[in-house]
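For reference, the structure is listed below as structure tokens.
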Amino acid sequence: MHMDFITAQTWSPYVVGFIIGLLNCIAIVVSDKFIGCSTAFSRSSGMLEKLIRGNTASEKPYYKKFAPEIDWEWMLVAGVAVGAFMSAWLSGSLHAVWVPDLWAKTFGGNISLRFAAAFIGGILVAFGARWAGGCTSGHGISGTMQLAASSWVAALCFFAGGIATAMILY
Amino acid sequence: MMIKIQTNKRVQLAIGFAIGIGFGFVLQRGGVTNFDVIVNQLLFKNFTVVKIMLSAMLTGMVGVYLLRQYGLAQLHPKPGSIGSTVVGGLIFGVGFALLGYCPGTVVAAAACGKMDALFGGMLGMLVGAGLFAAWYPRLEKSILNKGPFGERTLPEIFNICPWRVIIVIEALVLGLFFWLERRGL
Chain A
-17 MHMDFITAQT WSPYVVGFII GLLNCIAIVV SDKFIGCSTA FSRSSGMLEK
33 LIRGNTASEK PYYKKFAPEI DWEWMLVAGV AVGAFMSAWL SGSLHAVWVP
83 DLWAKTFGGN ISLRFAAAFI GGILVAFGAR WAGGCTSGHG ISGTMQLAAS
133 SWVAALCFFA GGIATAMILY
Chain B
7 MMIKIQTNKR VQLAIGFAIG IGFGFVLQRG GVTNFDVIVN QLLFKNFTVV
57 KIMLSAMLTG MVGVYLLRQY GLAQLHPKPG SIGSTVVGGL IFGVGFALLG
107 YCPGTVVAAA ACGKMDALFG GMLGMLVGAG LFAAWYPRLE KSILNKGPFG
157 ERTLPEIFNI CPWRVIIVIE ALVLGLFFWL ERRGL
């Protein structure tokens, strides 16, 4: 029974959500931090700028707020990669996918087109997340569980924008 | 003891990494490293994303407020405003539908072989984060602070006991779950 659980293709979304809730509780007790993923991208872009343009990059006001260095949240995101890899590997679902099915059904199997769309989508996601001060995890899960007003508004706007765009696109 | 752990930087980085492993593991196992699952949520055809997010919220809400009551945790509600939260949230939403992943799941998806997440999404996000850092001084002066609602929680704003709010939300969301399951969604 235990092995089945470890190798099962998917877990119930309710079990997954429950575990994420518990992980957040552990994080606030042992680290005084809530789970969030988008500042790691700001720190990474800052680290890249520092590499290319030297220390002047750290002078940017935004990088004074979010210093271009490895912090708790950056390590969390690194862990997300490792954990997802482990899970996919254990459940036998680790394989390369170039164009998602639903995308291919609507826009065809052209890899460059999908990559370009994902690239532009990525720009908007990071830009919007930093503009709003959080993403689907930082606002959508960690903020709503604190009953933070800003996070409830943010979560509604994430989905409003997402639903409208998806209805038009697909 | 917790204060001691909380101030040890290397221990903290290791804890962040460990929690990330757990988070990434369940994200993949929940199916949200899959573009189709996320986009089908936005099209109301698959409710996995909402089920995961809301059950995490239901669990965490009780946990966080209990921990706070016993002095084991502090809340950190993020500040927000119409200019930042609403506008940024909508921009995020457009990108969310186009990319088909969010900042956490894009990393998880890339790690399990989704090439569009790796070469398109993660690269785009680095560029987007860089652009935001470049534009931040201008945005901060012009729009980000328009219509602020502060670092406040809903119970603080409406001046009611948090547990009342929690009970109402738990009941509504559980009702939604039962309804979704009964309709086979």
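Heads up: the sequence lines are chains A and B, in that order. Residue numbering for the first sequence follows this note's numbering, starting at -17 and increasing by one per position. Residue numbering for the second sequence follows this note's numbering, starting at 7 and increasing by one per position. Built from N, CA and C at the ideal position, the CB exists for glycine as well. Just so you know, these numbers come straight off a predicted model, no measurement behind them.
About 13 Å separates the CB atoms of phenylalanine 141 of chain A and isoleucine 97 of chain B; that is not less than 8 Å, and the two are not in contact.
Excluding its 5 nearest sequence neighbours in each direction, proline 143 of chain B has no C-beta neighbour in its own chain below 6 Å. DSSP places proline 161 of chain B inside the alpha helix (DSSP H), whose first and last residues are 160 to 164. Taking a contact as a CB-CB distance under 8 Å, the pair glycine 66 of chain B and asparagine 6 of chain A counts as one, their CB atoms being some 5 Å apart. Taken in chain order, the complete alpha helix (DSSP H) segments of 4 or more residues contained in the segment 25 to 111 of chain B are 41 to 48, 54 to 75, 93 to 105. In this structure serine 13 of chain A is in contact with glutamine 18 of chain B, their Cβ atoms being roughly 6 Å apart against a cut-off of 8 Å. Listed as beta-bridge partners of lysine 120 of chain B by DSSP are A:Val79.
Contacts between phenylalanine 23 of chain A and chain B, judged by CB atoms closer than 7 Å, involve Pro109, Met131, Leu132, Ala135 in chain order.
In terms of beta-carbon proximity, alanine 86 of chain A stays away from the interface with chain B, with every pair separated by 8 Å or more.
With fewer than three CB-CB distances shorter than 8 Å, the segment 126 to 135 of chain B does not count as touching the segment 125 to 138 of chain A. Inclusion of alanine 22 of chain A and glutamate 55 of chain A in the CB contact set at 8 Å is warranted, their separation being smaller than that value. According to the DSSP assignment, methionine 128 of chain B belongs to no alpha helix (DSSP H), since it is labelled neither H nor E.
Per DSSP, reduced to three states, the secondary structure at proline 168 of chain B is helical. Contact check between the segment 48 to 64 of chain A and the segment 29 to 40 of chain A: three or more CB pairs, one atom from each, fall below 8 Å, which counts as touching. When only Cα atoms are considered, leucine 104 of chain B and leucine 178 of chain B end up about 30 Å apart. Taking a contact to require three or more Cβ pairs closer than 8 Å, the segment 29 to 40 of chain B and the segment 53 to 69 of chain B qualify as touching. Note on threonine 54 of chain B: 16 or more other CB atoms within 10 angstroms of its CB, so buried under the neighbour-count rule.
Secondary structure within the segment 56 to 136 of chain A: the alpha helix (DSSP H) runs of 4 or more consecutive residues, fully enclosed, are 83 to 89, 93 to 114 (chain order).
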